[in-house]
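Participant: My structure is below; once you've seen it, I'll send some questions.
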Amino acid sequence: MTDTTKIEALTEDLKAYLQTSKSLLQSQITEKIAVLSASIIQHVITTIVVIFCLLFLSISLGIYLSILFDSYLFGFLSVSGVYMIILVLLLLINKQLIRNPIINRIIFKITNNQ
């Protein structure tokens, strides 16, 4: 085998290696995107179900408190007050308990090698 033939063979092997590496990288990226997309869709569906449950529980609690207070106004205002308190607490602790764990979970899903 001459040097030119060896270089040509090496070049062909290098091209094949680069093509295989490219295909592997595309497959890995596709898998990560699929896993992340499925996770997002799952969380969106779960969130929708939780919102509907909270809606009906809130209406039920408002009606129950209305019966106790003998006033629809005070019953539903009490439920609204509870939600306002929860909203203020969430705004105060947003970064530590909500935003950072979500960012960490997304990073984990992307970088997880399983």
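Under the numbering used here, residues 4 to 117 are what the sequence shown spells out, in order. Built from N, CA and C at the ideal position, the CB exists for glycine as well.
1) Along the chain, where does the alpha helix (DSSP H) that runs through asparagine 107 open and close?
2) Got a sec? Which residues, its chain only, sit under 7 Å from glycine 65 by beta carbon, not counting five neighbours each side?
3) From isoleucine 110 to proline 104, what distance separates their C-alpha atoms?
4) Which residues in the same chain have their Cβ closer than 6 Å to the Cβ of leucine 98, if we skip the five residues on either side of it in sequence?
Facilitator: Considering the structure as presented:
1) 103-114
2) Correct list, in chain order: Gly78, Phe79 and Val82.
3) Distance from the CA of isoleucine 110 to the CA of proline 104, rounded to the nearest whole angstrom, comes to 10 Å.
4) Note on identity: in this sequence residue 98 is lysine, with leucine being the wrong assignment. Same-chain partners within the cutoff: there are none.
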